[in-house]
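S.K.: What follows is a structure written as structure tokens; I'll ask about it next.
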Amino acid sequence: MGLVARTVTRATANALDRRFKAAGGARRQASHVFPKHHSFFWGEFALYSFAVLVVSGVYLALFFVPDTTEVVYRGPYEPMQGLSMSRAYHSVLTLSFEVRAGLFLRQLHHWAALLFVAGMILHMSRNFFTGAFRRPRELTWLGGVALLALGIFEGYLGYSMLDDLLSGLGVRIFSGILLSVPLVGTWLHWAVFGGEFFGDIWISRFFIAHVFLVPALLVALIGMHIGLVWYQKHTQFPGPGAREDTVVGERAVPGFVSRTVANGVCLLAVLGLMAGIFQINPVFLWGPYVPSQVSTYIQPDFYAGFLIGGLRLWPRWEIHLGAYTVPAPFWVGLVLPLLMFALLAAYPLLERLGTGDRGAHQVLQRPRDNPTRTGIGAMGLTFWGILFASGATDVIAATFDIPFELLVWAGRIGLLVLPPLAYVVVRRICLGLQRADRDVLERGVRTGVLQERPDGVYLEVRRPPGGADHAGRPIPLDYGGARVDHRPAASPEPVAGSVTEEQR
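What follows is the structure in structure tokens.
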């Protein structure tokens, strides 16, 4: 059977090659070189999570009913029996309790959505701190920013259209943000909800956007992103043979392909365990959305936490311009996220203007080698982290018995003080790490071994990585961007090429 299969496969491949002349191109693409580094996994992490999202989402869409018509629940879940709810929420309960593996697939879909966004954040953080966005990869960076924004929006649409109490509160916040937009807010609200909140058609519109429109954009952007990475070659960390005009790594087939497939299988296994063991978004506990009810002690998905935190921290300032009023939610609900993503997208241009660096870069930088950029990144992450933590002020206040108002003021002060402080501290740490690397390259690795001179002075033995000259002085090495080994030498005794330094 194996011989027959190989014969048929070989004959089919030869027939296709005679017609399409694909063997030469396929051989060249199979020889494509990919650098090896553990941090490159985050892009694959996001890609495989998206694949799980698509497959599980297609199955879930077969059972979800995007309809706001009121029905009475008569299903097997006793706490909800006799309650009025929308057909959308009713279909979610039916999927969770009456469809085989329905609850498992719901949780698999939700966990995959969280890991998809988390993978993109980690992937973009690695690209930012290592300078992977520099020329000629500005377009790849812009595509990544667009993917992150669309991924967050797609996740919001997904959990909003379930019509449970938690998602209904999120939709109500979205409605308020739309209405806060000056001049065109009413029209934007009408375009989404078809009239006043709550409306009858918004779930079907969210469903169409979540299942068809946004996924199509995501697929297009992911395809463009992968195509650009393949065409422009993958960036690489400094190391032996790594230059701006070379790529050092493993070939696509079989090395990279086998490794990335193994990573994908492992990720799928982890997602399966998470979906089967860890409960997430138990909408059957929240109940259907009722405008008169508000829940506490529950939080939205993590990527929406910064927005909730901003709404809680921002003062209730309103701007009155004649007959128009610009309410407070406009600044945090719309201006803040747009400004954050705009700065993220424009950063490659801003850095190029600030440094004057217009060269093409294939080799990445260690974060310590660009202290200013690393400090800016730490400042941005601190700003986001404070907003994120402020989104859970109700949980923190109830858990630790801290006044809610105190947490709000702590968040406001921290938002002004901690990001600049993070910039200064992280930049100083990077400069200190640079000095430590230069010290090792110029004077040698500290061994921790002391040697006594005849005059009683103790000297520390150092191992210069470049060896020593005939006079016993260390030969300094140039820093090439690669990791510098600070580990003490294995042998505690001085050997040829070792030098000593006075212990101060």
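Going by full-length UniProt numbering, the residue at position 137 of the sequence shown is 137; the numbering climbs one at a time, nothing skipped.
Where a beta carbon is used, it is the ideal one built from N, C-alpha and C, also for glycine.
Keep in mind the model is a prediction, meaning the values are calculated, not measured.
1) How long is the line joining the alpha carbons of Ser-491 and Glu-452, rounded to whole angstroms?
2) Buried or exposed for Glu-244, going by 16 or more other Cβ atoms inside 10 Å?
3) Nearest-angstrom Cα distance between Glu-138 and Arg-100?
4) Is Thr-246 helix, strand or coil when you go by DSSP?
5) Which complete alpha helix (DSSP H) runs does the region 252 to 339 hold, if anything under 4 residues is left out?
6) Please classify Gly-448: does DSSP put it in a helix, a strand, or coil?
7) When the Cα atoms are used, what is the spatial distance from Phe-237 to Asp-369?
8) Would you mind stating whether Val-290 and Leu-165 have Cβ atoms separated by less than 8 Å?
9) Let me confirm a value: Gln-293 is counted as buried when at least 16 other C-beta atoms fall within 10 Å, else exposed. Which label applies?
10) Taking C-alpha atoms, which residue in Ser-91, Leu-122, Thr-7, Ala-5 lies nearest to Ser-39?
11) Assign Val-181 to one of three DSSP states: helix, strand, or coil.
12) Could you check whether Gly-375 and Val-426 sit closer than 8 Å to each other, using their CB atoms as the reference points?
13) What residue range is occupied by the uninterrupted alpha helix (DSSP H) comprising Met-161?
14) My output table needs one value for Ser-31: the three-state DSSP class, helix, strand or coil.
15) Check each candidate in Leu-147, Val-229, Thr-260, Leu-477 and name the one with the smallest Cα separation from Ala-216.
16) Would you tell me roughly how many angstroms separate the C-alpha atoms of Val-181 and Thr-68, rounded to the nearest one?
17) Straight-line CA distance for Ala-346 to Leu-150?
18) Would you decide whether Gln-365 is buried or exposed? Buried here means 16 or more other CB atoms lie within 10 Å of its CB.
19) If you draw a straight line from the alpha carbon of Val-52 to that of Arg-10, how long is it in whole angstroms?
20) What does a CB cutoff of less than 8 Å around Leu-228 pick up in its chain, not counting 5 residues either side in sequence?
21) Where does the unbroken beta strand (DSSP E) through Glu-196 begin, and where does it stop?
22) Entirely within the region 59 to 139 and at least 4 residues each: give me those alpha helix (DSSP H) ranges in chain order.
23) What's the C-alpha gap between Ala-112 and Leu-268?
24) Should Tyr-73 and His-90 be called a contact, given that it needs their Cβ atoms to be closer than 8 Å?
25) Which same chain residues end up closer than 8 Å to Phe-104 when comparing Cβ atoms and leaving out the 5 residues on each side of it in sequence?
26) I believe Ile-203 touches Ala-88 by the beta-carbon criterion, under 8 Å. Please report the beta-carbon distance rounded to the nearest angstrom.
27) For Glu-442, which beta-bridge partners are listed by DSSP?
28) Kindly give me the distance between the Cβ atoms of Phe-34 and Gly-249, rounded to whole angstroms, as I take these residues to be in contact under 8 Å.
29) Is it the case that the Cβ atoms of Val-283 and Val-92 are separated by a distance below 8 Å?
30) On a CA-only basis, which of Ala-252, Ala-323, Gln-232 is nearest Ala-132? Give me that one, please.
31) Considering Arg-373, what are the terminal residues of the alpha helix (DSSP H) in which it resides?
M.R.: Reading it off the structure:
1) For Ser-491, the predicted structure reports a pLDDT of 46, less than 50, and the residue's modelled location is therefore unreliable. A value from the coordinates is still provided. Straight-line Cα distance between these residues: approximately 18 Å.
2) exposed
3) 46 Å
4) coil
5) 257 to 277, 283 to 286, 305 to 313
6) strand
7) 12 Å
8) yes
9) exposed
10) Leu-122
11) coil
12) yes
13) It is not in any alpha helix (DSSP H) - Met-161 carries neither H nor E in the DSSP assignment.
14) coil
15) Leu-147
16) 26 Å
17) 17 Å
18) buried
19) 32 Å
20) Arg-137, Leu-139, Thr-140, Gly-143
21) That residue, Glu-196, is in no beta strand (DSSP E); it is neither H nor E in DSSP.
22) 87 to 97, 102 to 130
23) 9 Å
24) yes
25) Ala-275, Gly-276
26) 5 Å
27) Its beta-bridge partners do not exist; DSSP assigns none.
28) 5 Å
29) yes
30) Gln-232
31) 371 to 390
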